[in-house]
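Numbering (this note's numbering), first residue to last: 2 to 357.
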């Protein structure tokens, strides 16, 4: 498979902050960038060579976009799979539609993980069946989650017994759901893995993640972990990357159980919020590695250069940015969003070294 040369055009589906940072990484590597987005004020559009502003299912716009780029990648996973398949008939799309279809469906994620021998929390599909008999083997409390379009804690309701599932299902709009048993876990972790179309793979160090109200607030990397746990995470990441024939970057969210096992929570076929620490504390950042993988260029071994603490700046606290700049080890990243709303990710700051 031939690689792309500097000067080629990288197409990015999505105009958010991940697309912005992908574009900046691509520019460093001598590429040009064309973003397919929804509005002119989106973070990625602000920094790119060219933008197409159209709905993601506009086939004429997709055709023109495909004709103008050499390869396409994703910056978020809620692009219609049909649109990605349409593009893939005209230009390479990495990661591809099959992986995107898995990542968009929580049930498909769990079934795929089980199919390659990985562990998940106990789960069952639920579509409003009157008796809920397929839930009999689940232990409660559980989370009733929409199979699609859930992020930052949205699209899910906690239930304490089987009798509450139907009401939760109705409250979520009666759309197909998955019911997952809550598992006792020590902490939440994530691992990033990049894979070239030609097969080479690189795994990033583990990150430990802390959430509030379903939103990631802080990540610590490299996570304090035993060699056995690190090896378990790397083995798992490689199994997933090869199992889905990854071309690009994939984030895998994990639970570490009280007895030291790793359970798959979710996949994201794109750069990930928990990987932002790599911009300031790693031998290669996740965005450059993603671009390298998508272009089928050599991957850089990913190793932490210093302890890092990444803090998300939400709409409620982004005005504190001057205080962060006053810290000698702080690295501030603002995303260029015009409106600061409660819970909206406006930027992040990374503390490196002793301050982490």
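Don't be surprised by glycine CBs; every beta carbon is placed ideally from N, CA and C. All values reported here derive from a predicted model rather than from experimental measurement.
Got a sec, what are the start and stop residues for the beta strand (DSSP E) residue 191 sits in? As a first step, residue 191 is located in the chain shown; it is residue number 190 there, counting from the start. 186 to 196 is the extent of the beta strand (DSSP E) around residue 191.
Run the CB neighbour count on residue 339, radius 10 Å, all protein chains shown included, and call it buried at 16 or more, exposed below. Translated into positions along the chain shown, residue 339 becomes position 338. The residue is exposed, with fewer than 16 neighbouring Cβ atoms inside 10 Å.
Can you tell me whether residue 219 is helix, strand or coil according to DSSP? Walking along the chain shown from the start, residue 219 turns up at place 218. Strand.
Per DSSP, the bridge partner or partners of residue 160: Locating residue 160 in the chain shown gives position 159, counting from the first residue. According to DSSP, residue 160 bridges with 143.
Helix, strand or coil for residue 265? Go by DSSP, reduced to three states. The residue labelled residue 265 in the question sits at position 264 within the chain shown. Correct three-state label for residue 265: strand.
Closest Cα partner of residue 58 within the set 82, 310, 174, 167: To locate residue 58, count along the chain shown from 1; it is residue 57. Ranking the options by Cα distance to residue 58, first place goes to 82.
Given residue 172 as reference, the closest of 158, 162, 185 once Cα atoms are compared: In the chain shown, counting from the first residue as 1, residue 172 sits at position 171. With distances taken between Cα atoms, residue 172 lies closest to 158.
Look up residue 212 in the DSSP assignment and give the residues it is bridged to. As a working mapping, residue 212 is identified with position 211 in the chain shown. 217, per the DSSP bridge assignment.
Reduced DSSP secondary structure (H/G/I, E/B, other) of residue 1: With the chain covering 2 to 357 only, the question about residue 1 has no answer from this structure.
C-alpha distance - residue 2 paired with residue 283, whole-angstrom precision: For the purposes of this step, residue 2 is taken as residue 1 along the chain shown, with counting starting at 1. For the purposes of this step, residue 283 is taken as residue 282 along the chain shown, with counting starting at 1. With a pLDDT of 48 at residue 2, under the threshold of 50, the modelled position of this residue cannot be trusted; read the value that follows with caution. Between residue 2 and residue 283, the C-alpha separation is close to 29 angstroms.
Which residue comes first and which comes last in the beta strand (DSSP E) that contains residue 252? For the purposes of this step, residue 252 is identified with residue 251 of the chain shown, where counting begins at 1. Residue 252 -> beta strand (DSSP E) spans 249 to 258.
Which first and last residues belong to the alpha helix (DSSP H) in which residue 149 is found? Translated into positions along the chain shown, residue 149 becomes position 148. Element bounds for residue 149: n/a, residue is neither H nor E.
Sequence-distant residues of its chain with Cβ nearer than 8 angstroms to residue 166 (five each side left out): Indexing the chain shown from 1 puts residue 166 at position 165. In its chain, beyond the 5 residues on either side, 127, 133, 136, 143, 145, 160, 180 have a beta carbon closer than 8 angstroms to the beta carbon of residue 166.
Roughly how many angstroms lie between the CA atoms of residue 262 and residue 117, to the nearest whole one? The sequence position of residue 262 within the chain shown is 261, counting from 1. The sequence position of residue 117 within the chain shown is 116, counting from 1. Rounded to the nearest angstrom, the two C-alpha atoms are 16 angstroms apart.
From this set, 22, 303, 326, 115, which residue's C-alpha is nearest residue 208's C-alpha? Taking the first residue of the chain shown as 1, we reach residue 208 at position 207. Ranking 22, 303, 326, 115 by Cα distance to residue 208 puts 303 first.
Starting from residue 79, follow its DSSP beta bridges and name the residues at the other end. By one-based count along the chain shown, residue 79 stands at place 78. Answer is none; residue 79 lacks a bridge partner.
Could you check the C-alpha separation between residue 334 and residue 314 for me, to the nearest Å? Locating residue 334 in the chain shown gives position 333, where the first residue counts as 1. Locating residue 314 in the chain shown gives position 313, where the first residue counts as 1. So the alpha carbons of these two residues sit roughly 9 angstroms apart.
Go ahead and pull the three-state DSSP assignment for residue 53. Translated into the one-based positions of the chain shown, residue 53 becomes position 52. Note: residue 53 maps to strand in three-state DSSP.
Classify residue 297: buried if its beta carbon has 16 or more other beta carbons within 10 angstroms, exposed otherwise. Here residue 297 refers to the residue found at position 296 when the chain shown is read from its first residue. Counting Cβ neighbours within 10 Å, residue 297 comes out buried, since at least 16 surround it.
Going by the beta-carbon positions, is the gap between residue 26 and residue 38 smaller than 8 angstroms? One-based indexing of the chain shown puts residue 26 at position 25. One-based indexing of the chain shown puts residue 38 at position 37. No, these two residues do not count as a Cβ contact at 8 angstroms.
When we look at the beta-carbon of residue 310 and count the other beta-carbons within 10 Å, is it buried (16 or more) or exposed? For this step, residue 310 is matched to residue 309 along the chain shown. Residue 310 comes out buried.
Provide the residue span of the beta strand (DSSP E) that contains residue 28, from first to last. Here the question's residue 28 lines up with position 27 in the chain shown. From DSSP, residue 28 is part of no beta strand (DSSP E) but of the alpha helix (DSSP H) over 18 to 29.
What does the Cβ neighbour count give for residue 155, buried or exposed, with the cut at 16 atoms within 10 Å? One-based indexing of the chain shown puts residue 155 at position 154. With fewer than 16 neighbouring CB atoms inside 10 Å of its own CB, residue 155 falls in the exposed class.
Residue 2 by DSSP, collapsed to three states: which one? Indexing the chain shown from 1 puts residue 2 at position 1. Its pLDDT being 48, under 50, residue 2 is placed unreliably in this model, and the coordinates cannot settle the point.
Go ahead and label residue 191 buried or exposed: buried means 16 or more other beta carbons lie within 10 angstroms of its beta carbon, across all protein chains shown. Against the chain shown, residue 191 aligns to sequence position 190. Buried is the call here.
Would you mind reading off the limits of the alpha helix (DSSP H) that contains residue 236? In the chain shown, residue 236 corresponds to position 235, counting from 1. Its alpha helix (DSSP H) spans residues 228 to 244.
Near residue 182, which residues of its chain fall below 6 angstroms by C-beta distance, leaving aside the five closest residues on each side in sequence? Within the chain shown, residue 182 is the residue found at index 181, counting from 1. These residues qualify, in order along the chain: 122, 123, 139, 140, 143.
With three or more beta-carbon pairs closer than 8 angstroms as the criterion, would you say the region 250 to 268 touches the region 100 to 115? yes
Who are the near neighbours of residue 54 in its chain, counting only those whose CB is closer than 7 angstroms to its CB and skipping five residues on each side? Here residue 54 corresponds to residue number 53 of the chain shown, with the count starting at 1. Here the set comprises 38, 39, 40, 41.
Bridge partners for residue 37 per DSSP, in chain order? By one-based count along the chain shown, residue 37 stands at place 36. Per DSSP, 14, 53.
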